[in-house]
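In what follows, a single structure is set out as structure tokens and then discussed.
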Amino acid sequence: MRPVLALVIVAMAMGMARASLSAAGPPDPILTVRVYQTAGLSSAIERRSLEEAARVLRPALVTVRWRWCTGPNPAPACDRPLVRAELLLRIVRRAVVHHGTAMALGTALVAPGRGVLATVYVGHIEELSTATRTDPAVLLGRATAHEIGHLLIRNAGHAPCGVMRERWTEEEVRRNHPLDWMFTAGDVVAIHRFWAQPDLPAGEPHRVADTSPSAASISFNRPSISLRRPTA
Ligand SMILES: [Zn+2]
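Each residue of the sequence shown is one higher than the one before, counting from 4 in my numbering.
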């Protein structure tokens, strides 16, 4: 399929998903994400990466409000208990554990009822951006959107294409094709369930079947194996 035609078809599918979801529930709710950045990034790079993450999430009917919880002036609300539609993002330098032989760019702790913690690893992302000669802030933002996507979909599974695919090769990062950095229509439907439904009871299996044939019920505290970068 020609790329332009594929983009049109995806855009149409996204439009259909948006139309049906808008009719079913409140449009474009605001997601608050508390940001804890200990990777030594400048505020300019951090803000640019979060702008990219918000840009990726926006077509999925999610408007993000970032709440800075580190630095000299953390938001007072950072001390309050989490409310629904509020997640945590850690931006750290390195992963403590490598998953298998691949290098993770990020992880998300996904629970059947609710997962709230996403982490992205700046060191690994910078290595990939250097190897591909791409903007590390943009790549960090895309990795952030991917991990937040796991929390919104409540599933550690991956889609075969789009921003929720599991592996990001150097060639894919380098070519910067728009379709590689979008949520699919199936992702959008799954994400909207986060907004439309109350939290599921703890321990209840939850399956999202429209994005990945390997998606399955998961257990609490299982880390995502997302964003592996091949070592070969
Ligand atoms: Zn993932």
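Ideal Cβ placement from N, Cα and C applies to all residues, glycine included. Every value quoted in this text rests on a predicted model; they were computed, and no experiment measured them.
Residue i CB to nearest heavy atom of ligand 1 below 7 Å
{"i": "GLU175", "result": "no"}
{"i": "HIS161", "result": "yes"}
{"i": "GLU169", "result": "yes"}
{"i": "HIS127", "result": "no"}
{"i": "HIS149", "result": "yes"}
{"i": "LEU195", "result": "Here residue 195 turns out to be His, not Leu, going by the sequence shown. No; taking the cut-off as 7 Å, the Cβ of HIS195 has no heavy atom of ligand 1 nearer than that."}
{"i": "HIS153", "result": "yes"}
Supposed close pair residue i, residue j - CB separation, criterion 8 Å
{"i": "ARG37", "j": "LEU92", "result": "7 Å"}
{"i": "ILE94", "j": "LEU60", "result": "16 Å between Cβ atoms; not a contact."}
For residue i, the residue or residues it bridges with in DSSP
{"i": "VAL38", "result": "TRP71 and LEU92"}
{"i": "ILE33", "result": "THR66"}
{"i": "THR122", "result": "ARG93 and THR110"}
{"i": "ALA162", "result": "ARG168"}
Minimum C-alpha distance to residue i - residue among the options
{"i": "PRO77", "options": "PRO62, GLN40, LEU112 and THR135", "result": "GLN40"}
{"i": "LEU182", "options": "SER46, HIS195, PRO62 and ILE48", "result": "PRO62"}
{"i": "ILE33", "options": "TRP184, ARG70 and GLY144", "result": "ARG70"}
{"i": "SER46", "options": "ALA56, THR66, ARG58 and GLY74", "result": "GLY74"}
{"i": "ASP190", "options": "ASN179, LEU154 and LEU131", "result": "LEU154"}
{"i": "ALA193", "options": "TRP184, GLY160 and VAL176", "result": "GLY160"}
{"i": "ALA88", "options": "LEU64, LEU143, THR35 and CYS164", "result": "THR35"}
{"i": "ALA111", "options": "VAL67, CYS72 and ILE156", "result": "ILE156"}
{"i": "ILE128", "options": "TRP184, ALA98, THR187 and ALA114", "result": "ALA98"}
{"i": "ALA107", "options": "THR133, VAL176, GLY126 and THR135", "result": "GLY126"}
{"i": "PRO163", "options": "MET185, ARG58, LEU131 and GLY144", "result": "MET185"}
- Query: Just checking, does the stretch 165–173 make contact with the stretch 74–89 on the three C-beta pairs under 8 Å criterion?
  - Reply: no
- Query: Is it true that the stretch 109–123 meets the stretch 145–160, where meeting means three or more beta-carbon pairs spaced less than 8 Å apart?
  - Reply: yes
- Task: Answer yes if the stretch 132–146 comes into contact with the stretch 40–57, meaning at least three C-beta pairs across the two stretches below 8 Å, and no otherwise.
- Result: yes
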